[in-house]
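Novice:
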């Protein structure tokens with residue numbers, strides 16, 4: 001027997017830039033991003049735009065075309081943008097994915113051409129997956145247009161679509177060529193989307209950065225009201241922490257069992273599916289964090305004061321930390337939410353690994369969660385919600401079980 | 001404007017092992033490969049087998065099952081193997097790809113479970129692509145069963161299927177978990193397949209390793225006759241050079257324009273398509289190397305003696321260095337083969353980069369090839385073939401234009 005062994009190292013050097021007016025001709029960022037690898041040749045690019053973004057910014061495609069026309073020696077827009085539906089539905093069938101692939105073929109987009117993906121997380125996911133597998137990888141420049149996209153998902157290395165009823169069953173790890181975050185886009189979000197996107201920032205503060213958590217508490221009112229400066233600072237600080245994690249965790253493609261930044265996510269994934277995505281991902285994560293923080297306090301890992309602070313912050317920004325789907329029960333009478341733990345383990349592969357809290361900015365991994373502790377956390381959240389509900393009615397419709 | 005910049009490094013540590021009797025229970029290699037990351041737990045695995053391999057080794061699935069049954073504490077075969085058609089056709093529609101994905105879903109294969117891919121290059125490509133995108137990457141252990149697979153494609157980091165009439169239009173770069181090469185499989189190959197697979201070994205010797213090239217010349221007769229020891233040494237030396245290139249080139253995922261190991265491949269890809277895959281990939285590469293070696297000599301890059309040595313080695317092993325498809329002409333009267341250069345450039349993206357020869361083991365990159373030089377090389381090969389053909393008839397049927 002004879003063995004050859006090699007260590008294959010792959011380096012991805014990419015920047016996440018925050019700017020305003022990204023498609024205004026005098027803003028050099030897009031041009032400098034596209035020409036950074038090979039100066040002196042003309043770079044071909046094609047854009048895919050989220051319909052929700054086009055609706056809010058109806059001049060967007062004209063601005064993009066004008067931008068390319070302003071730099072004819074460097075840039076070429078090879079075809080009009082493709083406008084696709086946004087939201088989770090775009091990931092549920094393969095029509096959009098396939099349409100993008102067909103255009104890559106027809107437009108002769110090669111591995112050194114660019115696809116520009118402009119939109120919310122779902123559109124970035126489907127465009128990113130198509131770009132990752134066409135020719136084994138076409139250059140992708142992401143323009144996340146939501147708080148969630150700029151704070152977390154749009155700056156990372158994942159893409160995907162849903163299949164067989166499983167979220168992100170198909171996808172790859174594929175670092176983008178670049179990420180350009182235009183904070184202007186955040187101004188036209190609905191309050192619901194803007195708030196929902198903040199939960200990943202709260203999450204990364206809780207497990208990584210006590211100072212950021214303190215800042216979030218100090219600015220909860222401004223954040224809840226959509227103050228532009230506060231929201232811009234939130235997305236930048238959150239993006240920096242997420243990107244730093246990817247670069248320094250030692251496992252950017254998640255080959256191990258741990259996902260230290262998936263605090264609150266085992267319950268969140270299950271809640272999204274139990275509510276058929278009536279809850280936004282961020283809304284579900286807020287509830288998942290509430291559960292896991294209360295669990296951490298009850299398990300003696302963190303103080304009850306931290307749990308109060310987390311629940312208070314969620315309230316203050318405008319999250320709900322309860323949804324009646326938490327009370328759904330299976331044929332055996334068990335709360336369905338508990339299945340989320342097993343499904344989370346299966347999704348990661350290997351051993352169950354869940355992040356809990358020891359303190360603000362201090363996550364800790366555990367490999368078991370006790371059902372009794374989870375049920376106790378749910379009792380606290382249910383009681384809080386019912387207490388509050390008698391004072392003010394739910395602003396988000398609840399589909400009772 | 002604010003910029004976050006991080007270097008994301010991903011490390012893949014994988015071994016390519018050469019062995020015999022890989023599914024005999026007393027051979028520890030497969031077990032030790034599957035348990036290497038997490039000892040002490042039971043590892044789930046599912047196999048996909050090339051029908052051509054099953055035909056030659058009808059006891060293979062029973063041997064695999066016996067192997068798993070011999071190590072019940074460590075290994076679990078979660079379902080009977082799936083047998084799929086081999087050859088390029090399996091990459092031409094998505095049926096096999098989709099069937100594998102569906103089984104991954106049904107069998108609850110997770111990111112820490114294994115898919116074992118046993119077969120020729122086409123089967124490894126389609127199974128590898130499915131494994132790479134399911135759950136963003138399930139562990140893949142490859143068992144290449146051909147000379148080409150063990151010497152080159154099966155030890156590398158690529159997978160793919162064909163789409164829109166383009167070879168490998170869809171695929172990813174995804175290092176396998178491990179590669180187990182059982183040289184026993186090479187014994188049951190047809191002479192045609194065994195010989196065709198040797199061209200990538202000749203290629204990597206020519207551009208990287210003069211000593212290996214001298215060894216090939218010294219053993220050409222034994223290789224042509226399928227001497228098992230000589231063939232085993234060829235695949236191991238070739239695999240080591242290919243793997244070393246992936247690990248040390250600085251661009252394992254081919255983000256630049258250069259493909260230093262694609263010597264002879266611009267013409268080869270075009271010939272495969274011009275002959276609708278009547279020519280095997282390896283047969284086309286042999287012809288492509290003959291063209292580019294003659295071109296290199298004519299351009300004064302290497303000596304005429306090296307060109308003679310290369311053509312002589314190809315003859316001696318049993319390759320043909322001419323195919324009448326080289327004379328096919330388009331509507332404009334130009335030889336179709338010349339389109340191969342533009343298509344090669346498009347496939348890589350960026351600037352045209354072709355490797356030529358300065359000496360044995362000494363490739364050099366150029367960014368232009370003159371039509372006149374290519375036509376002159378074709379004239380030499382045509383004349384040689386017609387001279388020889390009058391002595392002995394073609395053993396491979398030629399579909400004349």
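Residue numbers (full-length UniProt numbering), protein chains in the order written: chain C, 1 to 401; chain V, 1 to 401.
C-beta atoms are modelled at their ideal positions from N, C-alpha and C, and glycine is treated no differently.
These numbers come from a predicted model, not from an experiment.
(1) Short of 6 angstroms in beta carbon distance, which residues of its chain neighbour residue 220 of chain C, apart from the five on each side in sequence? Order them along the chain.
(2) Relative to the C-alpha of residue 118 of chain C, which residue among C:100, C:141 and C:129 is closest?
(3) Can you pull out the residues from the stretch 6-28 of chain V whose beta carbon lies closer than 9 angstroms to at least one beta carbon of chain C?
(4) Kindly list the residues whose CB is nearer than 6 angstroms to the CB of residue 352 of chain V, restricted to its own chain and excluding five residues on each side of it in sequence; keep chain order.
(5) Just to check my reading of the structure: residue 70 of chain C and residue 42 of chain C have Cβ atoms closer than 8 angstroms, yes? What is that Cβ distance to the nearest angstrom?
(6) Return the first residue and the last residue of the alpha helix (DSSP H) that residue 282 of chain C is part of.
(7) Mind checking if residue 162 of chain C is an interface residue toward chain V, Cβ cutoff 9 angstroms exclusive?
(8) Compute the distance between the beta-carbons of residue 110 of chain V and residue 160 of chain C, then report whether it is under 9 angstroms.
(9) Tell me whether residue 43 of chain C sits in a helix, a strand or coil according to DSSP, three-state version.
(10) Looking at the C-beta of residue 113 of chain C, does it have a partner C-beta in chain V at a distance below 9 angstroms?
(11) Quick one: list the residues of chain C neighbouring residue 211 of chain V, beta-carbon separation under 7 angstroms, in chain order.
(12) Between which two residues does the beta strand (DSSP E) containing residue 273 of chain V stretch?
(13) Flag this pair as touching only if the stretch 151-171 of chain C and the stretch 188-199 of chain V have three or more C-beta atom pairs under 8 angstroms; answer yes or no.
(14) Cα-Cα, which of C:54, C:138, C:323 and C:245 is closest to residue 283 of chain C?
(15) Taking Cβ positions, are residue 149 of chain C and residue 174 of chain C nearer each other than 9 angstroms?
(16) Can a CB atom of chain C be found closer than 9 angstroms to the CB of residue 397 of chain V?
(17) Anything in the stretch 112-136 of chain V with a Cβ closer than 9 angstroms to a Cβ of chain C? List those residues in chain order, please.
(18) Grab me the residues of residue 238 of chain C's own chain with a C-beta within less than 7 angstroms of its C-beta, minus the 5 sequence neighbours each way, in chain order.
(19) Check the C-beta distance from residue 404 of chain C over to residue 187 of chain C and give it rounded, since I have them as a contact under 8 angstroms.
(20) With respect to the alpha helix (DSSP H) encompassing residue 405 of chain V, which residues constitute its N-terminal and C-terminal limits?
(21) Counting only beta-carbon atoms, is residue 257 of chain C nearer than 9 angstroms to chain V?
(22) Spell out whether any CB of chain V is found under 9 angstroms from the CB atom of residue 347 of chain C.
(23) Is the beta carbon of residue 133 of chain C closer than 9 angstroms to that of residue 133 of chain V?
(24) Could you tell me whether any Cβ in chain V is nearer than 9 angstroms to the Cβ of residue 334 of chain C?
(25) From which residue to which residue does the beta strand (DSSP E) around residue 35 of chain C run?
(26) Does chain V have any CB closer than 9 angstroms to the CB of residue 166 of chain C?
(27) Compile a chain-ordered list of the residues in the stretch 235-254 of chain C whose CB is closer than 7 angstroms to at least one CB of chain V.
(28) For residue 44 of chain C, collect the residues of the same chain with a Cβ closer than 6 angstroms to its Cβ; drop the 5 residues on either side in sequence, then sort them by chain order.
(29) By how many angstroms is the C-alpha of residue 82 of chain V removed from the C-alpha of residue 265 of chain V?
(30) Where residue 258 of chain V and residue 369 of chain V are concerned, what is the direct C-alpha to C-alpha distance, given to the nearest angstrom?
(31) For the putative contact between residue 246 of chain V and residue 156 of chain V, defined by C-beta atoms under 8 angstroms, what is the C-beta separation to the nearest angstrom?
(32) Suppose contacts are defined by Cβ-Cβ distances below 9 angstroms. Is residue 145 of chain V in contact with residue 53 of chain V by that definition?
(33) I'd like the list of long-range same chain contacts for residue 61 of chain C, defined as Cβ closer than 6 angstroms, with 5 residues on each side in sequence excluded.
(34) Taking a cut of 7 angstroms between CB atoms, which residues from the stretch 173-207 of chain C lie near chain V?
(35) Using a 10 Å radius around the Cβ and a threshold of 16 neighbouring Cβ atoms, would you call residue 243 of chain C buried or exposed?
(36) Thinking C-beta only, is residue 298 of chain C closer than 9 angstroms to residue 230 of chain C?
Specialist: Judging by the given coordinates:
(1) The residue given as residue 220 of chain C occupies position 220 in the first chain. Closer than 6 angstroms at the Cβ level, and outside the excluded window around residue 220 of chain C, lie 313, 316 and 317.
(2) Reading the first chain from its first residue, position 118 is the one you call residue 118 of chain C. It is C:141 whose Cα lies nearest to the Cα of residue 118 of chain C.
(3) 6, 7, 8, 9, 10, 11, 12, 13, 14, 15, 16, 17, 18, 19, 20 and 27
(4) On the second chain, position 352 is the one that residue 352 of chain V refers to. Counting only Cβ-Cβ distances below 6 angstroms, and skipping sequence neighbours, we find 345 and 367.
(5) For the purposes of this step, residue 70 of chain C is taken as residue 70 along the first chain, with counting starting at 1. For the purposes of this step, residue 42 of chain C is taken as residue 42 along the first chain, with counting starting at 1. In fact, because the Cβ distance is near 14 angstroms, the residues do not count as touching under 8 angstroms.
(6) Stepping through the first chain from its first residue, residue 282 of chain C is reached at position 282. From DSSP, the alpha helix (DSSP H) with residue 282 of chain C extends over 281-298.
(7) The sequence position of residue 162 of chain C within the first chain is 162, counting from 1. It does not: the Cβ of residue 162 of chain C has no partner Cβ on chain V nearer than 9 angstroms.
(8) Against the second chain, residue 110 of chain V aligns to sequence position 110. Against the first chain, residue 160 of chain C aligns to sequence position 160. The answer is no: Cβ separation not under 9 angstroms.
(9) For the purposes of this step, residue 43 of chain C is taken as the residue at position 43 of the first chain. In the structure shown, residue 43 of chain C sits in a strand (DSSP, three-state: E or B).
(10) The residue you call residue 113 of chain C lines up with position 113 of the first chain. So, interface residue.
(11) Sequence index remark: in the second chain, residue 211 of chain V carries index 211 (1-based). Those do not exist, as residue 211 of chain V stays about 17 angstroms from chain C at its closest Cβ, beyond 7 angstroms.
(12) The residue given as residue 273 of chain V occupies position 273 in the second chain. Taken as a continuous stretch (DSSP letters only), residue 273 of chain V belongs to no beta strand (DSSP E), being part of the alpha helix (DSSP H) at 265-274.
(13) no
(14) To locate residue 283 of chain C, count along the first chain from 1; it is residue 283. Nearest C-alpha to residue 283 of chain C: C:323.
(15) As a working note, residue 149 of chain C is residue 149 in the first chain. As a working note, residue 174 of chain C is residue 174 in the first chain. It is not a contact, given that the beta carbons lie outside the stated cut-off.
(16) Residue 397 of chain V sits at position 397 when you count from the first residue of the second chain. Here residue 397 of chain V scores only 36 on pLDDT, less than 50, and its place in the model is too uncertain to base an answer on.
(17) 112, 113, 129, 132, 133, 134, 135 and 136
(18) Counted from its first residue, the first chain places residue 238 of chain C at position 238. Here the set comprises 151, 152, 200, 201 and 204.
(19) Chain C is shown only over 1 to 401; residue 404 of chain C falls outside these bounds and no answer can be derived.
(20) Limits of chain V in this structure are 1 at one end and 401 at the other, which puts residue 405 of chain V out of reach.
(21) Within the first chain, the letter at position 257 stands for residue 257 of chain C. Residue 257 of chain C counts as touching chain V.
(22) One-based indexing of the first chain puts residue 347 of chain C at position 347. Yes, residue 347 of chain C counts as interfacial toward chain V.
(23) As a first step, residue 133 of chain V is located in the second chain; it is residue number 133 there, counting from the start. As a first step, residue 133 of chain C is located in the first chain; it is residue number 133 there, counting from the start. It is a contact, given that the beta carbons lie within the stated cut-off.
(24) The residue given as residue 334 of chain C occupies position 334 in the first chain. By this cut-off, residue 334 of chain C is not an interface position.
(25) In the first chain, residue 35 of chain C corresponds to position 35, counting from 1. From DSSP, residue 35 of chain C is part of no beta strand (DSSP E); its letter is neither H nor E.
(26) One-based indexing of the first chain puts residue 166 of chain C at position 166. Chain V contact via Cβ: present.
(27) 236, 239, 240, 243, 244, 246, 247, 252 and 253
(28) By 1-based counting over the first chain, the position of residue 44 of chain C is 44. Hits under 6 angstroms: 76, 78 and 113.
(29) Looking up residue 265 of chain V in the second chain gives position 265. Looking up residue 82 of chain V in the second chain gives position 82. Whole-angstrom Cα-Cα distance: 33 angstroms.
(30) As a first step, residue 258 of chain V must be located in the second chain, where it is residue number 258. As a first step, residue 369 of chain V must be located in the second chain, where it is residue number 369. Taking the straight line from one Cα to the other gives about 15 angstroms.
(31) The residue given as residue 246 of chain V occupies position 246 in the second chain. The residue given as residue 156 of chain V occupies position 156 in the second chain. Right, their Cβ atoms sit about 6 angstroms apart.
(32) As a position in the second chain, residue 145 of chain V is number 145, starting the count at 1. As a position in the second chain, residue 53 of chain V is number 53, starting the count at 1. Contact: yes.
(33) Mapped onto the first chain, residue 61 of chain C falls at position 61. Cβ neighbours of residue 61 of chain C beyond the five flanking positions: 81.
(34) 173 and 175
(35) Residue mapping note: residue 243 of chain C aligns to position 243 of the first chain, counting from 1. Classification for residue 243 of chain C: buried.
(36) As a first step, residue 230 of chain C is located in the first chain; it is residue number 230 there, counting from the start. As a first step, residue 298 of chain C is located in the first chain; it is residue number 298 there, counting from the start. Going by C-beta atoms, residue 230 of chain C is not nearer than 9 angstroms to residue 298 of chain C.
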